[in-house]
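S.K.: Here it is, the structure, as structure tokens.
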Amino acid sequence: MKPDPTAVLDLRGTPCPLNFIRSKLALEKLELGAWLQVDLDAGEPEQMVASGLLEAGQHVEMEPLEPGAVRLLIQRLG
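To get my numbering, take the position in the sequence shown, counting from 1, and add 72.
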């Protein structure tokens with residue numbers, strides 16, 4: 073079953089580290105267990121955001137969008 077995000081961010085075209093900072097701030101506003109959907113450029117942005125949030129103890133799922141973009145589904149665990 074696909075998660076139903078509480079909040080959605082489209083950060084395609086947003087440079088690092090702003091995309092990570094915006095994702096982290098949006099996630100902090102959510103209740104524990106809630107999901108955040110973040111659309112990002114593929115490559116370094118996806119790696120920076122996903123690895124940073126995994127290191128912070130969040131659950132991260134990734135799915136491809138159109139070529140050059142990905143969608144992260146992030147569950148706030150702490």
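Quick reminder that beta carbons are idealized off the backbone N, C-alpha and C, glycines included.
Could you have a look at Arg143 and say whether DSSP puts it in helix, strand or coil?
M.R.: The answer is strand: DSSP assigns Arg143 an E or B state.
S.K.: Looking only at C-alpha atoms, which of Gly150, Lys101, Gln109 sits nearest to Leu83?
M.R.: Ranking Gly150, Lys101, Gln109 by Cα distance to Leu83 puts Gln109 first.
S.K.: In or out: Ser95 buried (at least 16 other Cβ within 10 Å) or exposed?
M.R.: Buried.
S.K.: Would you mind reading off the limits of the beta strand (DSSP E) that contains Met66?
M.R.: Given that the chain is displayed from residue 73 to residue 150, the structure contains no residue 66 and the question cannot be resolved.
S.K.: Starting from Gln109, follow its DSSP beta bridges and name the residues at the other end.
M.R.: Answer is Val80, Leu145, bridged to Gln109.
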